[in-house]
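Peer 1: Each residue of the sequence shown is one higher than the last, beginning at 105 in this note's numbering.
Glycine included, each C-beta is placed from N, C-alpha and C at the ideal position.
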Amino acid sequence: MLFSRLRRVRAAFAALAVPLLMPVAFAQPAQAQSDNSGVLRVALVQEIDHLNPFTASFASSTMVGRFAWEFLTLPSAEDATPTGGIAESWEPSPDGLTWTFKIRPGMKWSDDQPITAADAAFTFNRIMDDEKAAEANGSYVENFESVTAPDESTLVIKIKERQASMTALDVPIVPEHIWSGIEDMADPRTDSVEVVGVGSGPFLITEYRPNELVRLKANPGYWRGKSKVEELQFLKFDNSEAAVNALRNGEVDFVNRLTQAQFDTLKNTDDVETNQANGRRYRELLMNPGAQNIERQPIGDGHPALRDVRVRKAIAKAIDPQVLVDRVLGGYGELPGGLVPPIYDNFHYTPADDVKYTFDPDAAKRELDAAGYREGPGGIRVGPDGRKLEFRLTARSSEDYGQRATDYIAGWLKDVGIGVKKNLVSDNEVDETTSSGHYDLALSGWGTNPDPDYILAKQTCASLPASSGSSSSNAFFCDEEYDRLYAQQAAETDEAKRGEYARQAQARYYDQVPSLVLDYDNALEAYRSDRFTNFQRQPVEDGQIMEQTGYWGFYNAEPVAGGGDSGGGLSAGAWVGIGAGALVIVAGAATVLLRRRASTEDRE
Numbered sequence: 105m106l107f108s109r110l111r112r113v114r115a116a117f118a119a120l121a122v123p124l125l126m127p128v129a130f131a132q133p134a135q136a137q138s139d140n141s142g143v144l145r146v147a148l149v150q151e152i153d154h155l156n157p158f159t160a161s162f163a164s165s166t167m168v169g170r171f172a173w174e175f176l177t178l179p180s181a182e183d184a185t186p187t188g189g190i191a192e193s194w195e196p197s198p199d200g201l202t203w204t205f206k207i208r209p210g211m212k213w214s215d216d217q218p219i220t221a222a223d224a225a226f227t228f229n230r231i232m233d234d235e236k237a238a239e240a241n242g243s244y245v246e247n248f249e250s251v252t253a254p255d256e257s258t259l260v261i262k263i264k265e266r267q268a269s270m271t272a273l274d275v276p277i278v279p280e281h282i283w284s285g286i287e288d289m290a291d292p293r294t295d296s297v298e299v300v301g302v303g304s305g306p307f308l309i310t311e312y313r314p315n316e317l318v319r320l321k322a323n324p325g326y327w328r329g330k331s332k333v334e335e336l337q338f339l340k341f342d343n344s345e346a347a348v349n350a351l352r353n354g355e356v357d358f359v360n361r362l363t364q365a366q367f368d369t370l371k372n373t374d375d376v377e378t379n380q381a382n383g384r385r386y387r388e389l390l391m392n393p394g395a396q397n398i399e400r401q402p403i404g405d406g407h408p409a410l411r412d413v414r415v416r417k418a419i420a421k422a423i424d425p426q427v428l429v430d431r432v433l434g435g436y437g438e439l440p441g442g443l444v445p446p447i448y449d450n451f452h453y454t455p456a457d458d459v460k461y462t463f464d465p466d467a468a469k470r471e472l473d474a475a476g477y478r479e480g481p482g483g484i485r486v487g488p489d490g491r492k493l494e495f496r497l498t499a500r501s502s503e504d505y506g507q508r509a510t511d512y513i514a515g516w517l518k519d520v521g522i523g524v525k526k527n528l529v530s531d532n533e534v535d536e537t538t539s540s541g542h543y544d545l546a547l548s549g550w551g552t553n554p555d556p557d558y559i560l561a562k563q564t565c566a567s568l569p570a571s572s573g574s575s576s577s578n579a580f581f582c583d584e585e586y587d588r589l590y591a592q593q594a595a596e597t598d599e600a601k602r603g604e605y606a607r608q609a610q611a612r613y614y615d616q617v618p619s620l621v622l623d624y625d626n627a628l629e630a631y632r633s634d635r636f637t638n639f640q641r642q643p644v645e646d647g648q649i650m651e652q653t654g655y656w657g658f659y660n661a662e663p664v665a666g667g668g669d670s671g672g673g674l675s676a677g678a679w680v681g682i683g684a685g686a687l688v689i690v691a692g693a694a695t696v697l698l699r700r701r702a703s704t705e706d707r708e
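1. Hey, is Ile419 close to the ligand ADP, as in C-beta under 8 Å from one of its heavy atoms?
2. Only counting the same chain, and skipping five residues up and downstream in sequence, which positions put a Cβ closer than 6 Å to that of Lys340?
3. Using CA coordinates, which residue listed in Asp615, Glu604, Asp557 is at the minimum distance from Ala594?
4. Take the Cβ of Asn349 as the centre, count every other Cβ of all protein chains shown within 10 Å, and call the residue buried at 16 or more, exposed below.
5. By DSSP, does Met232 sit in helix, in strand, or in coil?
6. Following the continuous beta strand (DSSP E) through Ile263, name the residue where it begins and the one where it ends.
7. What do you reckon, are the CB atoms on Pro440 and Arg384 nearer than 9 Å?
8. Given a cut-off of 9 Å, decide if Glu195 and Ile277 are closer than it, judged by their beta-carbon atoms.
9. In angstroms with no decimal places, state the Cα-to-Cα distance between Ala684 and Glu388.
10. Taking Gly435 as the reference, which of Asp623, Phe171, Ile219 has the closest Cα?
11. Output needed for Leu370: all residues of its chain with C-beta closer than 6 Å, excluding positions within five of it in sequence on either side, in chain order.
12. Taking the Cβ atom as the reference point for each residue, do Pro186 and Asn241 lie within a distance shorter than 9 Å?
13. Taking buried to mean at least 16 other C-beta atoms within 10 Å of its own C-beta, is Ala184 buried or exposed?
14. DSSP beta-bridge partners for Glu438?
15. Mind listing, in chain order, the continuous beta strand (DSSP E) runs of no fewer than 3 residues lying wholly within the stretch 355 to 405?
16. Could you name the residues of the same chain whose beta carbon sits closer than 6 Å to that of Thr363, not counting the 5 residues immediately before and after it, in chain order?
17. Between the Cα of Arg328 and those of Val664, Glu662, Trp656, Leu589, spot the shortest distance and give me the residue it belongs to.
18. Is it the case that the Cβ atoms of Ala322 and Phe307 are separated by a distance below 9 Å?
19. Applying the criterion that 16 or more other CB atoms from any shown protein chain within 10 Å of the CB defines a buried residue, is Asn247 buried or exposed?
20. Taking the alpha-carbon positions, what's the Tyr543 to Gln396 distance?
21. In whole angstroms, give me the CA-to-CA distance for Asp274 and Ile484.
22. What three-state label does DSSP hand Val275 in the structure shown?
23. With three or more C-beta pairs closer than 8 Å as the rule, is the stretch 506 to 518 touching the stretch 473 to 480?
24. Start and end of the alpha helix (DSSP H) containing Lys421?
25. Going by the beta-carbon positions, is the gap between Ser214 and Tyr659 smaller than 9 Å?
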């Protein structure tokens with residue numbers, strides 16, 4: 105084993121759809137009442153779990169963090185190769201175990217304090233020393249031996265084993281003089297503008313109302329130059345249909361995660377431009393293989409039949425991904441293989457024909473026969489222990505994909521003798537049940553980085569939770585052979601060799617099928633072309649705008665001259681007229697919200 109401890113994983117990119125809350129009567133929100141046409145209003149159909157960059161996990165949350173805090177390095181807009189951020193240069197030692205980063209001179213925090221190597225050292229050491237601070241980004245420091253700042257412009261990171269991802273540390277660097285006073289990373293104050301409002305990125309957080317609004321202003325001191333977008337507003341919607349209606353009406357300027365029908369309709373809408381891109385996101389069907397904690401103690405209440413790999417393989421052979429891509433995604437997706445999408449072809453795994461799971465109900469039945477599950481009353485199979493082969497299928501109630509895909513999956517599994525009880529719930533409930541192991545089957549989804557390390561690391565034994573519901577991969581996969589291959593790719597600096605190890609690790613995961621990748625989504629986005637232009641794509645030629653691994657999409661956008669008055673927010677009539685719980689507003693302390701906690705993942 106190359107690492108003494110495989111890195112504990114917290115993804116920094118990924119969330120699925122948001123929870124449905126009870127509909128309320130809306131008053132006009134106290135949003136910005138500016139006449140500034142440089143206000144870019146973005147419809148958000150995901151929950152913000154935290155703005156605290158140490159605990160923020162959902163893709164929407166980490167996206168906001170990318171605007172607010174600069175990284176040491178970040179993926180470039182052109183091709184996602186590393187480019188400088190707070191660090192202007194970096195150099196490994198000959199043995200690859202010491203990395204020296206030179207901090208860009210003259211950079212300042214938004215409160216005019218200088219940015220130094222001490223801020224970066226503080227950030228990494230806090231993650232290394234504080235379990236709560238490691239919730240979101242602990243995976244990146246698990247191989248670190250020490251992080252020091254010998255002077256204001258020099259950061260030195262010593263690692264235990266060679267690590268190929270040292271220029272892909274997706275960790276927001278925070279100001280030590282603000283965060284050193286935070287004793288408890290779970291303190292709600294860490295989500296307050298008082299704390300998160302001091303930043304270094306292209307935009308600064310100025311207002312946050314959970315489940316309603318995140319507002320940011322352009323940072324006049326940003327080292328690349330002030331954005332021409334004066335203000336960003338992320339407005340929370342309950343579902344994409346409500347967001348699309350607001351786009352059509354000119355009440356928001358940008359929407360993503362569109363359905364096929366919405367995208368096709370918007371392509372023919374005046375003053376609206378659409379963007380279709382190869383995505384960095386995959387969808388999967390989790391199959392609880394026997395949830396356990398880091399001490400290998402069972403947790404949760406998953407069906408014991410799913411501990412048998414033959415049952416999991418039978419499920420994989422009973423599902424038709426082509427139908428899901430064609431009918432649920434409307435053709436806007438790619439057929440599945442490994443955990444790394446084909447947009448990152450150096451690390452993408454495509455299973456050979458002789459091992460690929462293809463839609464074959466008869467083969468699925470043979471697998472179940474061999475595992476000892478015989479047909480019982482009503483056509484539902486029964487195991488040797490007399491228990492029915494009947495599973496809960498958990499998915500998000502507010503997501504179009506979850507609602508439709510569960511119908512197909514339930515039908516296919518019934519055809520081979522597996523009963524399914526659909527469990528459509530809020531995203532908080534999906535998060536809580538899957539992270540604690542209280543599920544059988546569940547639809548999930550993840551975003552991936554150009555560097556494959558984090559998506560592969562979260563499948564290791566080291567990512568098993570310390571306790572039920574704590575930070576972990578909800579696939580609960582633990583396999584010695586996979587861990588060995590993961591460690592090889594993590595330490596290999598030759599990209600071709602690393603790619604081969606990464607594909608071998610994915611092949612092992614694919615064979616053991618703790619989850620089944622169902623598709624790779626296309627990114628479907630739309631924006632008001634009469635108000636904004638020059639949105640930067642990543643990669644430049646055919647990439648997506650919003651859910652990037654950087655901040656280029658909105659930072660480089662420009663208002664259209666004479667493009668109209670944003671009004672700074674939705675009108676009272678619009679907010680009320682969306683109705684039926686479509687736009688979620690938190691009216692005050694009396695509003696009852698679903699319990700929030702740090703997510704177990706960065707779901708996309």
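Peer 2: On the basis of the data shown:
1. No copy of the ligand ADP occurs in the structure displayed, which carries no ligand at all.
2. Along the sequence shown, read from residue 1 onward, the residue named residue 340 stands at position 236. The residues are Leu148, Asn315, Glu316, Val688.
3. Looking up residue 594 in the sequence shown gives position 490. Nearest C-alpha to Ala594: Asp557.
4. Here residue 349 is taken as the residue at index 245 of the sequence shown, counted from 1. That one is buried.
5. Taking the first residue of the sequence shown as position 1, residue 232 is located at position 128. When DSSP states are grouped into helix, strand and coil, Met232 belongs to the helix group.
6. Translated into the one-based positions of the sequence shown, residue 263 becomes position 159. Where Ile263 is concerned, the enclosing beta strand (DSSP E) starts and stops at 258 to 263.
7. The residue given as residue 440 occupies position 336 in the sequence shown. The residue given as residue 384 occupies position 280 in the sequence shown. No. Outside cutoff.
8. Position 173 of the sequence shown, counted from the start, is the residue given in the question as residue 277. Position 91 of the sequence shown, counted from the start, is the residue given in the question as residue 195. Taking a C-beta distance under 9 Å as the contact criterion, Ile277 and Glu195 do not qualify as a contact pair.
9. Along the sequence shown, read from residue 1 onward, the residue named residue 684 stands at position 580. Along the sequence shown, read from residue 1 onward, the residue named residue 388 stands at position 284. Low local confidence applies: a pLDDT of 31 at Ala684 is under 50, so the model's placement there is unreliable, and no value is given.
10. Against the sequence shown, residue 435 aligns to sequence position 331. That would be Asp623, whose Cα lies nearest to the Cα of Gly435.
11. Translated into positions along the sequence shown, residue 370 becomes position 266. Within its own chain, the residues whose Cβ lies closer than 6 Å to the Cβ of Leu370, once the five positions on either side in sequence are excluded, are Val376, Thr378, Ala630, listed in chain order.
12. Stepping through the sequence shown from its first residue, residue 186 is reached at position 82. Stepping through the sequence shown from its first residue, residue 241 is reached at position 137. It is not a contact, given that the beta carbons lie outside the stated cut-off.
13. Numbered from its first residue, the sequence shown carries residue 184 at position 80. Buried.
14. Translated into the one-based positions of the sequence shown, residue 438 becomes position 334. Beta-bridge partners assigned by DSSP to Glu438: Tyr624.
15. The qualifying runs are 376 to 391.
16. Taking the sequence shown and counting its residues from 1, the one referred to as residue 363 is at position 259. Taken in chain order, the residues that qualify are Asp504.
17. Residue numbering aside, residue 328 sits at position 224 when the sequence shown is read from its first letter. Arg328 has its Cα closest to that of Trp656, out of Val664, Glu662, Trp656, Leu589.
18. Position 218 of the sequence shown, counted from the start, is the residue given in the question as residue 322. Position 203 of the sequence shown, counted from the start, is the residue given in the question as residue 307. Contact flag set, yes.
19. Taking the first residue of the sequence shown as position 1, residue 247 is located at position 143. For Asn247, the number of other beta carbons within 10 angstroms of its own is at least 16, and it is reported as buried.
20. For the purposes of this step, residue 543 is taken as the residue at position 439 of the sequence shown. For the purposes of this step, residue 396 is taken as the residue at position 292 of the sequence shown. Answer to the nearest angstrom: the Cα atoms are 13 Å apart.
21. Within the sequence shown, numbered from 1, the residue matching residue 274 stands at position 170. Within the sequence shown, numbered from 1, the residue matching residue 484 stands at position 380. Each residue's alpha carbon lies about 47 Å from the other.
22. The sequence position of residue 275 within the sequence shown is 171, counting from 1. In the displayed model, Val275 falls within coil according to three-state DSSP, outside both helix and strand.
23. Contact fails: fewer than three Cβ-Cβ distances are below 8 Å.
24. For the purposes of this step, residue 421 is taken as residue 317 along the sequence shown, with counting starting at 1. Where Lys421 is concerned, the enclosing alpha helix (DSSP H) starts and stops at 413 to 422.
25. One-based indexing of the sequence shown puts residue 214 at position 110. One-based indexing of the sequence shown puts residue 659 at position 555. Against a cut-off of 9 Å, the Cβ pair of Tyr659 and Ser214 comes out as no contact.
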